[in-house]
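Just so you know, we're using this note's numbering here: the sequence shown kicks off at -19 and counts up by one.
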Amino acid sequence: MRIIDTPIAPIAPRPPRVLHAMSIFVRACLFVACSLVALPALSQTYPTRPIRLIVGFAPGGAADILGRITAQGLSEAIGEQVVVDNRPGAGALIATEIAARATPDGHTLLFTSPPHAINAALYRRAKYDPIKDFDPVIQVVATALILTVNAGAPFKTVGELVRYAKSNPGKLSYGSGGSGASGHLAMELFKSVTGADIVHVPYKGTGPAITDLIGGQIHTTIASAAPTLPQVKAGKLRALAVTSNKRSLALPEVPTVAESGFPAYEVTQWFGILAPAGVPKPVIQRINTAMNEALRKNEVRSRYLASSAEPVGGSPDVLRTVIAQEVPKWGKLVRALDLKAD
């Protein structure tokens, strides 16, 4: 038997580019593995310092009051101080832009509401995308706006108001807190759905509009519960309807606009927490869990309800869905009215 001694070819060395690619791949795998280990730890160590909750309106208003209830509840649940930072101006545009530019580490949050969905269409100088530049954390509360008239007005129902406005075009007027404000857009949507012809009178704030409604200078308004409800309870204004899709716990005897014969109409004033885009998901979940815990406490719920706001809570997806629906809804109306705030 012959044994053929065939020489074995030496293994060719790997080209430098291959070795470099393998090195990158190994490092990437190690990075991913370390990240997966570190993420749960991150949620356990967060927060490492006080949390700033930016509110886009001045102290004393509805957003500020609800923001401070939220800050206290979150602080107690998460074990760290939550500081309200009021940054009023341009319908919360300034506050939103500050929050969008903040470091995405969960220590700067935005307490937001419908202007978040409105301003991107209303302000040409807006420097943020309401969806892409933020990560939803939680919807905190929801509250209805209230359609009111002077207590001495002849209108007892929404139908009576609409019929008169259609039969007497331009004779009725309504006040709002300014062009592009929630009350303005809510009433314009009301006019679009009902066909009512009511003239807009913009004011520098909702308070002066309510004062003139009581005084008889204007005929109606749609406004938040904070300035309106006390006047209804005092008998100076009559509530014809609430704008939400269900009756308000603060005014259970008052029907919704939908119940009053206009099922296509619904406006809910929501308030929630957003984080700058890029905050690690475990941190988002940590804040969400803590805020849901706060919303289950009777004392926190009672404070919200005393301000005519109903606790909501839930996953970040609840708020994500709300914003995704609100942006096109209000953007379409702003464009139809050709509104520009700058």
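Ideal Cβ positions, reconstructed from N, Cα and C, are used throughout, including at glycine.
Source: prediction; values computed, not measured.
Identify which residue in P110, K309 and A257 has its Cα closest to the Cα of A82. Locating residue 82 in the sequence shown gives position 102, counting from the first residue. Of the candidates P110, K309 and A257, the one whose C-alpha sits nearest the C-alpha of A82 is A257.
Original post:
Exposed or buried, G196, counting other C-beta atoms within 10 Å across all chains shown (16 or more means buried)?
Top reply: By one-based count along the sequence shown, residue 196 stands at place 216. Flag for G196 reads exposed.
Worksheet entry | Coarse secondary structure for K220, derived from DSSP in three states | Counted from its first residue, the sequence shown places residue 220 at position 240. For the record, residue 220 in the displayed sequence is Leu; it is not Lys. Looking at L220 - three-state DSSP - the assignment turns out to be strand.
inquiry  = Give me, in chain order, the residues of the same chain whose beta-carbon lies closer than 7 angstroms to that of E60; leave out the 5 immediate sequence neighbours on both sides.
reply    = Residue mapping note: residue 60 aligns to position 80 of the sequence shown, counting from 1. Once the five neighbours on either side are set aside, the close Cβ partners of E60 are P27, P30 and I31.
| request: Using the Cα positions of R104 and P68, report the straight-line distance between them to the nearest angstrom. | output: Taking the first residue of the sequence shown as 1, we reach residue 104 at position 124. Taking the first residue of the sequence shown as 1, we reach residue 68 at position 88. Cα-Cα distance, rounded: 18 angstroms.
>> DSSP three-state label for E233, please.
In response: Along the sequence shown, read from residue 1 onward, the residue named residue 233 stands at position 253. Residue state for E233 is assigned as coil, using DSSP reduced to three classes.
Notebook entry, point to check: Do you know whose CA, among A43, Y108, A51 and T128, lies nearest I198's CA?
Noted result: Along the sequence shown, read from residue 1 onward, the residue named residue 198 stands at position 218. Of A43, Y108, A51 and T128, the residue nearest in Cα terms is T128.
task = Check whether the Cβ of S282 lies closer than 7 angstroms to any heavy atom of the ligand MG, and answer yes or no.
result = The ligand MG is not part of this structure, which contains no ligands at all.
- Message: Across the region 277 to 293 and the region 161 to 175, are there enough close Cβ pairs to call them in contact, namely three or more that are closer than 8 angstroms?
- Response: Contact fails between the region 277 to 293 and the region 161 to 175, because fewer than three Cβ pairs, one in each stretch, are under 8 angstroms apart.
Practice task
Measure how close the beta-carbons of L220 and T137 come, nearest whole angstrom, since I'm counting them as under 8 angstroms.
Solution key: Here the question's residue 220 lines up with position 240 in the sequence shown. Here the question's residue 137 lines up with position 157 in the sequence shown. Rounded, the Cβ-Cβ distance is 6 angstroms, consistent with contact.
Just to confirm, is the Cβ distance from L152 to I194 under 8 angstroms?
Along the sequence shown, one-based indexing puts residue 152 at 172. Along the sequence shown, one-based indexing puts residue 194 at 214. For L152 and I194, no; Cβs fall outside 8 angstroms.
**Exposure of T92, with buried meaning 16 or more beta-carbon neighbours within 10 Å** = By 1-based counting over the sequence shown, the position of residue 92 is 112. T92 comes out buried.
- Secondary structure of T200, DSSP reduced to three states: By 1-based counting over the sequence shown, the position of residue 200 is 220. T200 sits in a strand when the DSSP states are folded into three classes.
Tell me which same chain residues have a C-beta within less than 6 angstroms of the C-beta of P311, skipping the five on either side of it?
Numbered from 1 along the sequence shown, position 331 holds the residue referred to as residue 311. It is worth fixing the name first, because residue 311 is Gly in this sequence and not Pro. For G311, where only same-chain residues beyond five positions count, the Cβ hits under 6 angstroms are A101.
Quiz item: In whole angstroms, what is the alpha-carbon distance linking G241 and P149?
Solution: Here residue 241 corresponds to residue number 261 of the sequence shown, with the count starting at 1. Here residue 149 corresponds to residue number 169 of the sequence shown, with the count starting at 1. C-alpha of G241 to C-alpha of P149: approximately 20 angstroms in a straight line.
- prompt: Does the region 264 to 283 come close enough to the region 46 to 61 to have 3 or more Cβ pairs within less than 8 angstroms?
  reply: They touch, by the three-pair rule.
**Report entry** Beta bridge counterpart(s) of N66 as assigned by DSSP
**Finding:** Locating residue 66 in the sequence shown gives position 86, counting from the first residue. As DSSP reads the structure, N66 sits in a beta bridge with V35.
- Return the CA-CA distance between Q24 and G86, expressed in angstroms with no decimal places. On the sequence shown, residue 24 is found 44 positions in, with the first residue counted as 1. On the sequence shown, residue 86 is found 106 positions in, with the first residue counted as 1. Cα to Cα, the separation comes out at about 13 angstroms.
Candidates A176, G155, D115 and P110: closest to E140 by CA position: Looking up residue 140 in the sequence shown gives position 160. Among A176, G155, D115 and P110, the Cα nearest to that of E140 is on A176.
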